[in-house]
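In the working numbering, the protein residues as written are 1090 to 1257.
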Ligand code: ATP
Ligand code: MG
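Here it is, written out as structure tokens:
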């Protein structure tokens, strides 16, 4: 049984994440998806709760054809202990997939195999760009899976972002 681990903040989950996971699904038996900075929400850079992000991911991967677990992981303020913290929250895994330099470094130092997936259309497929578009009332729906559009409508995602960005 080979398990792969993939971590992100998924603020929000987008087509770049989806492409990576569809790719990983072909090379492992099970996937563990860590929802990082799980304690954060209602901030301009972190607008959505861990539960909302779990919903986006779970619904988008409904027909992935590879079993997966979605696990919220809160931050600890000690990078040197972070991999142990992650492993205490997840089923055992053999390989970590990440392109984030800090994540790559920390897992590498812990002796865990890391692979960095290729970036898909990074100019537009980025959480930062999607949040920027929501804040400016620019089109963003083509950048996320249909299930994410549905979740963001249910929770009034863009409305939340616009409201918390205002001055009092
Ligand atoms: P933000 O701009 O908010 O940081 P992000 O798009 O980088 O959002 P994250 O949740 O930070 O998304 O990323 C989770 C993982 O997905 C990271 O390993 C990141 O490198 C990867 N990733 C992000 N965008 C893409 C993409 N377009 N193609 C492939 N991988 C991506
Ligand atoms: Mg990022």
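We treat Cβ as the ideally placed atom computed from N, Cα and C, and that holds for glycine.
Asked	Found
How many whole angstroms separate the CB atoms of residue 1160 and residue 1178, which I take to be in contact at a CB cut-off of 8 angstroms?	6 angstroms
Which two residues bound the contiguous alpha helix (DSSP H) that contains residue 1146?	1139-1149
Are residue 1235 and residue 1109 touching if we call contact CB-CB under 8 angstroms?	no
According to DSSP, is residue 1228 helix, strand or coil?	coil
Give the secondary structure of residue 1119 by DSSP, where H, G and I count as helix, E and B as strand, and everything else as coil.	strand
Nearest to residue 1210 by CA position, among 1140, 1232, 1238, is which residue?	1232
Can you give the Cα-Cα distance for residue 1201 and residue 1184, rounded to whole angstroms?	6 angstroms
Using 8 angstroms as the threshold, is the C-beta distance between residue 1100 and residue 1149 below it?	no
Give me the residue from 1180, 1123, 1093, 1212 with the minimum Cα distance to residue 1163.	1123
With a Cβ-Cβ cutoff of 8 angstroms, do residue 1103 and residue 1216 count as a contact?	yes
From the DSSP output, which residues share a beta bridge with residue 1094?	1121, 1185
Say yes only if the C-beta of residue 1189 is nearer than 7 angstroms to one or more non-hydrogen atoms of the ligand MG, and no if none qualify.	yes
Is it the case that the CB of residue 1105 approaches a heavy atom of the ligand MG more closely than 7 angstroms?	no
Of the residues 1170, 1151, 1119, 1251, which one's Cα is nearest the Cα of residue 1237?	1151
Between which two residues does the alpha helix (DSSP H) carrying residue 1249 extend?	1246-1253
For residue 1223, count neighbouring Cβ atoms within 10 angstroms of its own Cβ and tell me buried if that reaches 16, exposed if not.	buried
According to DSSP, is residue 1235 helix, strand or coil?	helix
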